[in-house]
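For any residue, its number in my numbering is found by taking its place in the sequence shown, counting from 1, and adding 4.
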Amino acid sequence: MKQPLVQAFSEQINKEYFSAFLYLAMSNYFANNGLKGAANWTYVQYQEELAHAQNLVHYLHARSESVSFAALADPSGAWSSPLEVFEAVLEHEKLVTESIGHLATMAMQSGDHAAYIFLQWYVTEQVEEEGNVNDLLDKLKLANGNPNALLMIDSELATRTFVAPVVPGVGTSA
Ligand SMILES: [Fe+2]
Ligand SMILES: [Fe+2]
């Protein structure tokens with residue numbers, strides 16, 4: 005692979021690990037604020053983000069390339085409501101979508117068809133990520149801070165379980 009593309013993959017890997025770390029911080033916030041369902045949902049998302057990062061690592065290894073790891077930023081946020089947390093989630097996922105888009109464009113422009121095809125899974129995944137958060141934000145806005153409604157949403161979020169994503173091109177799973 006061309007080295008600027010490998011470097012861009014490494015930067016994306018850092019962003020996916022940061023995403024994991026951010027969701028873990030959010031899970032911590034919910035666990036400390038009586039919303040165990042939201043703590044579960046964000047913890048499952050933390051596991052998904054780890055899998056996103058790991059599959060990118062596996063991909064570089066499959067191409068006989070090495071990853072450059074970098075320090076992760078502090079994920080703590082000054083959130084004061086579930087709505088604020090999920091608004092921060094949407095904002096963050098939009099940045100990740102943009103970043104994946106740039107990476108795919110770079111793969112295409114370097115003539116690396118294999119990397120471009122591999123990245124399609126991530127392009128599609130981002131549509132789902134933003135869609136899920138948008139649905140959740142709609143519900144939270146409807147709840148409008150009502151504790152009963154919030155607890156109903158929370159019990160729904162408690163049912164989410166982690167299923168390791170299967171990313172074509174890197175074997176079965178993370
Ligand atoms: Fe991700
Ligand atoms: Fe994500």
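Each residue gets a CB set at the ideal place from its N, CA and C atoms; glycine is no exception.
Let's see if you can read the secondary structure: which residues bound the alpha helix (DSSP H) around residue i?
| i | result |
| --- | --- |
| residue 34 | 7-35 |
| residue 136 | 117-147 |
| residue 69 | Per DSSP, residue 69 belongs to no alpha helix (DSSP H) and is neither H nor E. |
| residue 152 | 151-161 |
| residue 94 | 86-113 |
I'd like the list of long-range same chain contacts for residue i, defined as Cβ closer than 8 angstroms, with 5 residues on each side in sequence excluded.
| i | result |
| --- | --- |
| residue 172 | 122 and 125 |
Please work out which residues of its chain come closer than 6 angstroms, Cβ to Cβ, to residue i, disregarding the five sequence neighbours upstream and downstream, and give them in chain order.
| i | result |
| --- | --- |
| residue 39 | 158 |
| residue 177 | Bear in mind that the predicted position of residue 177 carries a pLDDT of just 48, short of 50, making it unreliable; the figure below should be weighed with that in mind. 168 and 170, listed in sequence order. |
| residue 79 | 25, 26 and 29 |
| residue 162 | 41 and 44 |
| residue 153 | 147 |
| residue 18 | 74 |
| residue 47 | 31 |
How should residue i be labelled, buried or exposed, when 16 other C-beta atoms within 10 angstroms of its C-beta is the threshold for buried?
| i | result |
| --- | --- |
| residue 165 | exposed |
| residue 56 | buried |
| residue 54 | buried |
| residue 102 | exposed |
| residue 73 | exposed |
| residue 132 | exposed |
| residue 179 | For the chain, the structure presents residues 5 to 178; residue 179 sits outside this window and is missing. |
| residue 86 | buried |
| residue 140 | buried |
Could you name the residues of the same chain whose beta carbon sits closer than 7 angstroms to that of residue i, not counting the 5 residues immediately before and after it, in chain order?
| i | result |
| --- | --- |
| residue 95 | none |
| residue 32 | none |
| residue 9 | 110, 111, 114, 116 and 119 |
| residue 68 | none |
| residue 51 | 166 |
Practice task
Give a yes or no on contact between the stretch 64-80 and the stretch 11-20, applying the rule of three or more CB pairs nearer than 8 angstroms.
Solution key: yes
Practice task
Give a yes or no on contact between the stretch 20-38 and the stretch 137-146, applying the rule of three or more CB pairs nearer than 8 angstroms.
Solution key: no
Problem - Three CB pairs or more closer than 8 angstroms across the stretch 41-55 and the stretch 151-168 - result: yes
Handout entry: Sufficient close CB pairs (3 or more, under 8 angstroms) joining the stretch 76-90 to the stretch 104-121
Key = no
Problem - Neighbouring residues (CB closer than 6 angstroms to any heavy atom of ligand 2) - result: 23, 53, 97, 100 and 133
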